[in-house]
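Protein chains in written order, with this note's numbering: chain A, 1 to 380; chain B, 1001 to 1380.
Where a beta carbon is used, it is the ideal one built from N, C-alpha and C, also for glycine.
Please read all numbers here as calculations on a predicted model, not as lab measurements.
Everything below concerns the one structure shown next.
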């Protein structure tokens, strides 16, 4: 898959700059893989190494400036970014801090303000001690929270972004369809996890940053554990939940199976979650809030207690803002990509979770994942 | 592979608490996947979601306290940690900040000091705005940099940790040995990347967080790019560099191949890098500094200009302290696991890099990866 056209990046940056102008922000400092990729197209797995920080500055006008370790200059040079400033990292004394400080000082007047995403679902990917040095070297310039500026732009996906998410969802659809090949009764769950990742790669994923799931009699215990060596047994419910990546974009959905006969309670739970997802699909249209989606699904589930999060944004990260929880009143807009993820407790310590990926259209939700079967499929 | 025994974690925590006592630190706050795993054994791929922060506090004495989202309580409950405090995350108003603040206030007197890794190769995995709130709620308690306390303990691997790294190195060895199966001339590089990840999983990796590499006539352009669709051609040098994971621990090494005849310059470069690695192996013993290892290898390479980093620590992360650079004077100690990673420029824009993984023993370096062949292997 080819890179995005420069116009795609120009539109993204213009969106950010519109928000910056409205908020009186003179430059935006970005440090994380999704934020840097979003404005530059710089895509590498090298972020896995915590040794080096990477910086991109979005000025009030014009293209971003990259302030990065020399080792990344070649790859950054293949993007649309022209102004690339490098230092030899790691530098134990000054790991890009002066170079970044000089860059920001050149773009922001002493009375100016520098935006930084420091709110919900963010972190600063640089040593905090270096940030404190940067902050004092740039005084009296002020650092201010610009999480909202970033999220309002990143939340709405362009047609090219939706295409990428649809592509990786289709990869996962094909891999899920082949689960009967790898999960006969008696196979250990960790073997299933390994083989499912192999299927995702074979079907076209570039890499598989996330796989979770579970298996247990009539339901599973939780949805974040790595797999153990317990063999799949008749009566189990198996769930696999993947965040695979292609061309930088994630899918994030799951599928459930009964191993032989997993009992009436499992089948009923499945039907309830299928119906809850239907309610979520019907509610997911521009103007509805994340909280509306929560209540639409929660009403069908009909359980008391802590329902957790019933979905979230999706795209450059496995999970993004907003959250489908009662307190999130973010309004759905055309082009937002979301997961719908209702879950319920079948019995104490036995849960089931469904998940689909959608894009919000003016006419309503459009599925990006193929809809799960209406009845709990059986592995035999 | 089973979890570590509780005594393993007690020894780690005792090591940290020794450093804390010497530095007058009353509690240590940890927020990243490797740090949290190191003291608790909490292993999950759920960190891929940036939606929720996770906290572990190491007190001056006794076991750590986990302050985590409810969704992780079940999995944390399977570790040796007894004191697990939870909140329903995400919480848009107070995402664990009060609970963490109360926990720290209960462990640290108002005149006390809270350690936090904020130095080189660290980052704080929580929203900075939340940290600032935490900091002011805990005043006059002081937050101080404790990067050194953490790294001095984490750098030296226990026998059980070395076993895990050896195990994942052996997985990668087996996968590298099978590269001729997947990389005949004419196959696209992105296909090779996909298939190599599949081999790693088949040979026993739990997941593959890192794969980089390159292919080009007589050398490759850089070592951090994702693969493109260019087919392998006679005369290319192919390199694959992987950080695969098993039971929470990484390998990180590479291998090179000629596609047919890649020319004398490639063969000579390979021999030089092989010899440079030999020099690094000979130099890698307790008492030598990281800079000594750099110079031992750099002397053999014999090139001017920016040599970059010629290796680094390895374990819970793809890369860890120290760095094999001229300015890093960290002294090698028994049990440190390192990569040796010499590289050189064969021609302008054409490089080659070798990499092996070792553990420092009193008698000298012990290889954890199988030594690369002495001559550039050929794919035909």
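Contact note: residue 1243 of chain B reaches chain A through 48, using a C-beta cutoff of 7 Å and chain order. Residue 6 of chain A and residue 354 of chain A have their alpha carbons spaced roughly 37 Å apart.
At least one CB atom of chain B sits nearer than 8 Å to the CB of residue 88 of chain A. With a threshold of 8 Å between beta carbons, residue 1184 of chain B makes no contact with chain A. Remark: fewer than three beta-carbon pairs, one from each stretch, lie closer than 8 Å, so the segment 1182–1200 of chain B and the segment 1055–1063 of chain B are not flagged as touching.
Non-local C-beta neighbours of residue 1225 of chain B in its own chain, meaning closer than 6 Å and more than five positions away in sequence, are absent.
About 10 Å separates the CB atoms of residue 31 of chain A and residue 67 of chain A; that is not less than 8 Å, and the two are not in contact. With a cutoff of 8 Å on beta-carbon distance, residue 1273 of chain B and residue 1342 of chain B are scored as near each other. Shown here for residue 134 of chain A: same chain residues with a beta carbon closer than 7 Å to its own, the five before and five after excluded, namely 97, 100 and 101 in chain order. DSSP, reduced to helix, strand and coil, places residue 1136 of chain B within a helical segment of the structure shown. Residue contact with chain B for residue 38 of chain A: absent (no Cβ-Cβ distance below 8 Å to any residue of chain B). Straight across, the Cα-Cα distance linking residue 232 of chain A with residue 218 of chain A is about 12 Å. Around the beta carbon of residue 1039 of chain B, 16 or more other beta carbons sit within 10 angstroms, so the residue counts as buried. Below the 9 Å Cβ cutoff, chain B contributes 1127, 1128, 1129, 1130, 1131 and 1132 as neighbours of residue 118 of chain A, in chain order. Residue pairing by DSSP puts residue 351 of chain A in a beta bridge opposite A:220 and A:345. Of the candidates A:287, A:300 and A:295, the residue whose Cα lies closest to the Cα of residue 271 of chain A is A:300. Under a 10 Å Cβ-count criterion, residue 369 of chain A is classified as buried, with 16 or more other Cβ atoms of the shown protein chains found around its own Cβ. Look at residue 1264 of chain B: its C-beta is not under 8 Å from any C-beta on chain A. Closest by C-alpha distance to residue 1207 of chain B, out of A:211, A:206 and A:204, is A:211.
When C-beta distances to chain A are compared with 7 Å, the residues of the segment 1307–1321 of chain B below that value are 1308, 1309, 1312, 1317, 1318 and 1319, in chain order. At a cut-off of 8 Å, the C-beta of residue 74 of chain A has a neighbouring C-beta in chain B. Residue environment analysis places residue 14 of chain A among the exposed positions, since fewer than 16 neighbouring C-beta atoms fall within 10 angstroms of its C-beta. In the DSSP assignment, residue 160 of chain A falls within the unbroken alpha helix (DSSP H) covering 159–177. Any Cβ of chain B closer than 8 Å to the Cβ of residue 135 of chain A would place that residue at the interface, and such an atom is absent. If you draw a 10 Å sphere on the C-beta of residue 1339 of chain B, you find 16 or more other C-beta atoms in it, and that means buried.
Comparing alpha-carbon positions, the option among A:120, A:116, A:19 and A:88 lying closest to residue 1052 of chain B turns out to be A:120.
Under the three-state reduction of DSSP, residue 1300 of chain B is assigned to helix.
By the criterion of a C-beta distance shorter than 6 Å, residue 126 of chain A is surrounded in its chain by 31 and 53, once the five residues flanking it on both sides are discounted. About 6 Å separates the beta carbon of residue 1079 of chain B from that of residue 1042 of chain B, a gap short enough to meet the 8 Å contact definition. A distance of 8 Å or more separates the beta carbons of residue 1117 of chain B and residue 1137 of chain B. At a cut-off of 8 Å between beta-carbon atoms, residue 207 of chain A makes contact with chain B. Taking 7 Å as the cut-off between beta carbons, the residues of the segment 1219–1244 of chain B near chain A are 1221, 1222, 1224, 1225, 1226 and 1243, in sequence order.
The beta carbon of residue 114 of chain A does not come within 8 Å of any beta carbon belonging to chain B, so the residue lies off that interface. In the DSSP secondary-structure assignment, residue 1030 of chain B is bridged to B:1056. By the criterion of a C-beta distance shorter than 8 Å, residue 289 of chain A is surrounded in its chain by 328, 329, 330, 331 and 332, once the five residues flanking it on both sides are discounted. The three-state reading of DSSP puts residue 6 of chain A in helix, counting H, G and I together.
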